[in-house]
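S.K.: Have a look at this one before I ask anything.
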Amino acid sequence: TPGGPGDPAYFRAISTDYHHFVQAFAEQRHVEIVQPPKDIRREDWASHSINAGSLVRGG
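Here you go:
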């Protein structure tokens, strides 16, 4: 891991590792990762989707 906790490259590496983990996790479980439309904030889109019941809930 680059530089250590104060280095922006450190956080970038953690973020990249996390995104790769999530992608692999979703692929292994055949789960689609969806993206909000470009003109809508993710927070607004996710809360609307949850309220509409369109997100899959599982355990």
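Anchor point for the sequence shown: position 34 equals 18 in this note's numbering, and the numbering is continuous, going up by one each time. Cβ atoms here follow ideal geometry from the backbone N, Cα and C, with glycine treated the same way. On a predicted model such as this, the values are computed, not experimentally measured, just so you know.
In whole angstroms, give me the CA-to-CA distance for G42 and F(-5).
M.R.: Bear in mind that the predicted position of G42 carries a pLDDT of just 46, short of 50, making it unreliable; the figure below should be weighed with that in mind. Computed Cα separation, rounded: 30 Å.
S.K.: In the DSSP assignment, the alpha helix (DSSP H) including E11 goes from what residue to what residue?
M.R.: Segment -8 to 12, the alpha helix (DSSP H) holding E11.
S.K.: Just the Cα atoms here: how many angstroms apart are H32 and P20?
M.R.: Going by the C-alpha atoms only, they are around 11 Å apart.
S.K.: Under 8 Å by Cβ, that's how I've got I(-2) and Q7 pegged, so tell me the actual separation to the nearest angstrom.
M.R.: Not a contact, Cβ separation roughly 15 Å.
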